[in-house]
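Enquirer:
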Amino acid sequence: MKNRLGNWIRDEVIGGTTIAHRLVVAALFYMFVMGIMYLHLIVFPKPVQVGSVLPYTIYAPLEFSYTDTTLLGQIQGDMQGSAMYPEVRENVLAKYDNFVVELWELYSIVHPESMVAGEAGASPQENVGESLPVEGADTTETQPNIDLQISSLARKYEITDPKVVELLLSQERETLNGNLVFARELLDTRMKEEITPTKLRTLTQGVVSSMIGTSPQEVYNYFLRANFLPYEREPLSTEDREMAMKTIHKGSVIVAEGQVVTQDIKDQLETIKSHLVEQRLRTLAGIGLFLLIGLLIWHAYLSRQNMQIYADTSVLIQIAGLFVIFLLIGLVIGRLPFNYFYYGVTFAASALAAVIVMAFDNHLSVYLGVVMAALLSMGLNFEGNLLLYTLCGSILPSVVLSADCKRQTQVAFAFLLGILNVLLALLVIAITVETQQWQIYPIAFLSGVLAAFFAFGLLPLVELFNSQVTPTKLFELANQENELLKRLKHEAPGTWMHSQMVAELTEEACKAIGADDLLAKVGALYHDIGKTKRSGFFAENITDLTKNPHEGLPAETSARIIKDHVTDGLALAEDARLPGRLLPFIREHHGTYLIRYFYDKAQRAHEQDPDKFPEPDERKFRYEGPVPQSREAGVLMLADVTEAVVRARGTHEIEAVTEIINSVISQKIEEKQLVDSGLTLGDIERIREVFVALMSAQRHQRVSYPEYERNKVSFH
Numbered sequence: 173m174k175n176r177l178g179n180w181i182r183d184e185v186i187g188g189t190t191i192a193h194r195l196v197v198a199a200l201f202y203m204f205v206m207g208i209m210y211l212h213l214i215v216f217p218k219p220v221q222v223g224s225v226l227p228y229t230i231y232a233p234l235e236f237s238y239t240d241t242t243l244l245g246q247i248q249g250d251m252q253g254s255a256m257y258p259e260v261r262e263n264v265l266a267k268y269d270n271f272v273v274e275l276w277e278l279y280s281i282v283h284p285e286s287m288v289a290g291e292a293g294a295s296p297q298e299n300v301g302e303s304l305p306v307e308g309a310d311t312t313e314t315q316p317n318i319d320l321q322i323s324s325l326a327r328k329y330e331i332t333d334p335k336v337v338e339l340l341l342s343q344e345r346e347t348l349n350g351n352l353v354f355a356r357e358l359l360d361t362r363m364k365e366e367i368t369p370t371k372l373r374t375l376t377q378g379v380v381s382s383m384i385g386t387s388p389q390e391v392y393n394y395f396l397r398a399n400f401l402p403y404e405r406e407p408l409s410t411e412d413r414e415m416a417m418k419t420i421h422k423g424s425v426i427v428a429e430g431q432v433v434t435q436d437i438k439d440q441l442e443t444i445k446s447h448l449v450e451q452r453l454r455t456l457a458g459i460g461l462f463l464l465i466g467l468l469i470w471h472a473y474l475s476r477q478n479m480q481i482y483a484d485t486s487v488l489i490q491i492a493g494l495f496v497i498f499l500l501i502g503l504v505i506g507r508l509p510f511n512y513f514y515y516g517v518t519f520a521a522s523a524l525a526a527v528i529v530m531a532f533d534n535h536l537s538v539y540l541g542v543v544m545a546a547l548l549s550m551g552l553n554f555e556g557n558l559l560l561y562t563l564c565g566s567i568l569p570s571v572v573l574s575a576d577c578k579r580q581t582q583v584a585f586a587f588l589l590g591i592l593n594v595l596l597a598l599l600v601i602a603i604t605v606e607t608q609q610w611q612i613y614p615i616a617f618l619s620g621v622l623a624a625f626f627a628f629g630l631l632p633l634v635e636l637f638n639s640q641v642t643p644t645k646l647f648e649l650a651n652q653e654n655e656l657l658k659r660l661k662h663e664a665p666g667t668w669m670h671s672q673m674v675a676e677l678t679e680e681a682c683k684a685i686g687a688d689d690l691l692a693k694v695g696a697l698y699h700d701i702g703k704t705k706r707s708g709f710f711a712e713n714i715t716d717l718t719k720n721p722h723e724g725l726p727a728e729t730s731a732r733i734i735k736d737h738v739t740d741g742l743a744l745a746e747d748a749r750l751p752g753r754l755l756p757f758i759r760e761h762h763g764t765y766l767i768r769y770f771y772d773k774a775q776r777a778h779e780q781d782p783d784k785f786p787e788p789d790e791r792k793f794r795y796e797g798p799v800p801q802s803r804e805a806g807v808l809m810l811a812d813v814t815e816a817v818v819r820a821r822g823t824h825e826i827e828a829v830t831e832i833i834n835s836v837i838s839q840k841i842e843e844k845q846l847v848d849s850g851l852t853l854g855d856i857e858r859i860r861e862v863f864v865a866l867m868s869a870q871r872h873q874r875v876s877y878p879e880y881e882r883n884k885v886s887f888h
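Heads up, the numbering used here is the position in the sequence shown plus 172, with the first residue counted as 1.
(1) By the 10 Å Cβ neighbour count, where 16 or more other Cβ atoms means buried, how is residue 822 classified, buried or exposed?
(2) Please identify the residue among 711, 733, 653, 684 whose C-alpha is closest to the C-alpha of residue 697.
(3) Taking all protein chains shown into account, decide if residue 230 is buried (16 or more other Cβ within 10 angstroms of its Cβ) or exposed.
(4) Should residue 782 go down as buried or exposed, given a rule of 16 or more other Cβ atoms within 10 Å for buried?
(5) Expressed to the nearest angstrom, what Euclidean distance is found between the alpha-carbon atoms of residue 396 and residue 351?
(6) Looking at residue 447: is its Cβ nearer than 8 Å to the Cβ of residue 233?
(7) Measure from the alpha carbon of residue 280 to the alpha carbon of each residue in 265, 320, 341, then state which is nearest.
(8) Pull up the distance between the alpha-carbon of residue 681 and that of residue 670, whole angstroms please.
(9) Threshold first: 4 residues or longer. Then list the alpha helix (DSSP H) segments lying entirely within the stretch 635-694, N to C.
(10) Exposed or buried, which one is residue 440 when buried takes at least 16 other CB atoms within 10 Å?
(11) Can you say whether residue 825 is buried or exposed, counting buried as having 16 or more other CB atoms within 10 angstroms of its CB?
(12) Give the straight-line distance between the Cα atoms of residue 458 and residue 546, rounded to the nearest whole angstrom.
(13) The beta strand (DSSP E) that contains residue 425, what's its start and end?
(14) Confirm, please, whether the CB-CB distance from residue 212 to residue 503 is below 8 Å.
(15) In whole angstroms, what separates the C-alpha of residue 372 from that of residue 277?
(16) On a CA-only basis, which of 743, 726, 331 is nearest residue 703? Give me that one, please.
(17) Relative to the C-alpha of residue 650, which candidate in 706, 663, 209, 668 has its C-alpha closest?
(18) I'd like the span of the beta strand (DSSP E) that includes residue 420, first residue to last.
(19) So, at 6 Å on beta carbons, what are the nonlocal neighbours of residue 252 in its own chain, with the 5 sequence-adjacent residues on each side left out?
(20) Apart from the five residues just before and just after residue 884, which ones in its own chain have a Cβ nearer than 6 Å to its Cβ?
(21) Count the other C-beta atoms from every protein chain shown that fall within 10 angstroms of the C-beta of residue 867, then say buried if there are 16 or more, exposed otherwise.
(22) Can you name the start and end residues of the beta strand (DSSP E) that residue 236 belongs to?
(23) Could you tell me the distance, in whole angstroms, from the CA atom of residue 414 to the CA atom of residue 610?
(24) Might you give, ordered along the chain, the residues of its own chain that have their beta carbon closer than 6 Å to the beta carbon of residue 222, omitting 5 neighbours on each side?
(25) Starting from residue 332, follow the alpha helix (DSSP H) in both directions and report where the run begins and ends.
(26) Decide yes or no for the touch test of the stretch 469-481 against the stretch 522-538: beta carbon pairs closer than 8 Å, at least 3 of them.
(27) For my contact list, residue 541 and residue 525 are in at a C-beta cut-off of 8 Å; report their separation, rounded to the angstrom.
(28) Are the CB atoms of residue 548 and residue 568 nearer to each other than 8 Å?
(29) Any beta carbon from chain C within less than 8 Å of residue 263's own beta carbon?
(30) Using a 10 Å radius around the Cβ and a threshold of 16 neighbouring Cβ atoms, would you call residue 313 buried or exposed?
(31) Sorted by chain position, which residues of the same chain lie with C-beta nearer than 8 Å to residue 765's C-beta, five sequence neighbours on each side aside?
(32) Considering only residues of the stretch 816-866, which uninterrupted alpha helix (DSSP H) runs meet the minimum length of 4 residues and lie entirely inside it, listed in chain order?
(33) If you pair each beta-carbon of the stretch 720-731 with each one of the stretch 747-758, do three or more pairs fall below 8 Å?
(34) What is the C-beta distance between residue 565 and residue 620, in whole angstroms, given that I count them as a contact (C-beta under 8 Å)?
(35) If you draw a straight line from the alpha carbon of residue 603 to that of residue 553, how long is it in whole angstroms?
(36) Using beta-carbon positions only, say whether residue 456 and residue 203 come within less than 8 Å of one another.
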């Protein structure tokens, strides 16, 4: 037992096999999702703002007391604003007037030929012009250091640059007087406005000497002061605080789903903040357990129902990446600071489910969509009704969409999803305390429509990196302008025509038995691309039978050339990066069939001259196989042989065509070529009926017209 366990660990886990890769992908996916939810719930929880609407109910986890700040403000008499101080204005004007008086005194010193005019004792507020210096007045006062007085005046009145005073003193007497009068008027006007500290910084920012030089009256900016200041609260007493205390009992509703958050509610939530963190930690643990269960369900489904996805690690990585991206989108939408925007969270679940349906698997989209809806609901604390709202949006894509749905269906789905969201929103509002808010309905409708169109727009990008074969990719591969098909048409025209007819037979037969007809059709178009390498050695491309290239070749060589079209086709397909699901059609369409013509030729040569020609080895004349491993590949094998034999026989009679088809099918069954294909006897009977109908229509005889009549008939 220990040896087997050790071998499994060595081969599967350490050896880097697909199982190990799947385990690594699952572990990384789990860590990424849990990391995102940890950041969302614990590190950066969504803040609760006054005026916001919560999509969930919060109950008191314990009995607690809190301070009602609204009531406390009423008790304190809080003005809840700022106060205007008129006395600030008076002080500013008085200070400016004093500056003007001292400036004129200094002016009389700088200009000794001037005398200061004005009546003694006159107030400078009444008229700045009364302090005008009078030209020709006599003054005996001198000042040896004018620069010192200028600097002292500037410093006294908080003028940052003394050059401002110098520029004012350099003006003509009348000009200076006019500027000072106008500056006082501007200062008086400004100080009547509300000037906050912030506004003051804006007004005085950038006051420089050059400004005074161009607009001297702007000197008033140096005297502006804030006059609109915050109201200073008085200290609170213990009695005041006790009056504002309230008690909430355990289990009481703090805020109900859909209720607007008030300041009182926010005060309560702030008080129990630590307990809310504990609740979020428990929520995170629940999310971890739920996600683990979801991973186990996905594993069980994929390992039993869709091994194609389960065995492809790159596809698992793509699906995990899409899930993480849409989870982030959903959480971001849920955290947006807009009321009722949580009705748009369904965008993420619906878009993810739509992408998975069209690019990967229908049932998988249900599992992923449900888990996404549940994770978002738990992460955003949705109530049961909002969980139902999100779940329905994640399930609808699997009901309406499919991998090959038409454009009309996609557009119809987009609007259907929007309408469904609106109806579900109405249901949610009807069973909660939420009031009717008109903005809910456009949010719900647009989240559905935009989710659908976002998924449709994202699909080409997903397909670009997706190794899975989607209908869109198959339609592109079926385009006759595809490089490999163009090469087949020009280098092996007979094979190209054969492939077109086989594709038609395969497609219709697969439709009849419920197989993947589009995949089978495209596989049939490419099944013989290997014949382009030596196209002239295959019967459908030999136009002159008198020049058969196999005539001079040993039978073993001819058989090897014929067999090599399979390996050559696989090489071409890999070089062209064809999807992996098309390769079995190339590899399996001949199964382990014995190339009878050349085997019999080698057998006859041996019988005629045993010494020269050894007994042929049957293995050298058989295709390597394997036999068809899917119903689609089994249908292709039957269609390939049927078309080739009917064309080779050249018969037009329905009875003969039917006999050939029956013979081909019976031979393949007897040779056990269909044993692993999954085709039932009922399937084979329906395939036979389709082949008979199509081949009879293709091989029907035309009416033979007499020469005279044919010459008279004109075809358009």
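Using N, Cα and C, we set each Cβ at its ideal position, and we do this for glycine too.
Note that this is a predicted model, so its numbers are computed, not measured.
Expert: Put simply:
(1) exposed
(2) 653
(3) buried
(4) exposed
(5) 17 Å
(6) yes
(7) 341
(8) 17 Å
(9) 643-650, 655-663, 665-685
(10) buried
(11) exposed
(12) 11 Å
(13) 425-427
(14) yes
(15) 30 Å
(16) 743
(17) 668
(18) 417-420
(19) Note on residue 252: pLDDT 45, under 50, position unreliable in the model; the coordinate value appears next. Excluding residues within five positions, none has a Cβ falling inside 6 Å.
(20) Note on residue 884: pLDDT 40, under 50, position unreliable in the model; the coordinate value appears next. Once the five neighbours on either side are set aside, residue 884 has no close Cβ partner at all.
(21) buried
(22) 236-239
(23) 42 Å
(24) 433, 435, 438
(25) Neither: residue 332 is in no alpha helix (DSSP H) and is coded neither H nor E.
(26) yes
(27) 3 Å
(28) no
(29) Of the protein chains in this structure there is only one, and it is not chain C.
(30) Note that residue 313 scores 47 on pLDDT, short of 50, meaning its location in the model is unreliable and no value can be drawn from it.
(31) 794, 795, 843, 845
(32) 826-842
(33) no
(34) 7 Å
(35) 17 Å
(36) no
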